[in-house]
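Residue numbers (this note's numbering): 634 to 687.
Structure follows, in structure tokens:
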């Protein structure tokens, strides 16, 4: 069964995504969930240089 989802030019293998608020950066759940099977992982902000603050 194909559960793929297309949003604009982006194709996700399935509609299951996890968010940073409950899933951290993903690595925290690596032993519990096969992250490769998720459709998307929504992370916290990512920058090239460290930033102060929350």
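Beta carbons: idealized from backbone N, C-alpha and C, even for Gly.
Bear in mind that the values here come from a model prediction, so they are computed numbers and not experimental data.
Residues near residue i in its chain [Cβ-Cβ closer than 6 Å; skip 5 each side]
{"i": "residue 649", "result": "671 and 672"}
Three-state class that DSSP yields for residue i in the structure shown
{"i": "residue 676", "result": "coil"}
{"i": "residue 657", "result": "coil"}
{"i": "residue 641", "result": "coil"}
{"i": "residue 669", "result": "helix"}
Among the options, the one whose alpha carbon lies nearest that of residue i
{"i": "residue 644", "options": "635, 656 and 651", "result": "635"}
Sub-9 Å separation of residue i and residue j beta-carbons
{"i": "residue 699", "j": "residue 680", "result": "Outside the displayed span of the chain (634 to 687) sits residue 699, for which this structure offers no information."}
{"i": "residue 666", "j": "residue 651", "result": "yes"}
Limits of the beta strand (DSSP E) - the one that residue i falls within
{"i": "residue 651", "result": "650 to 652"}
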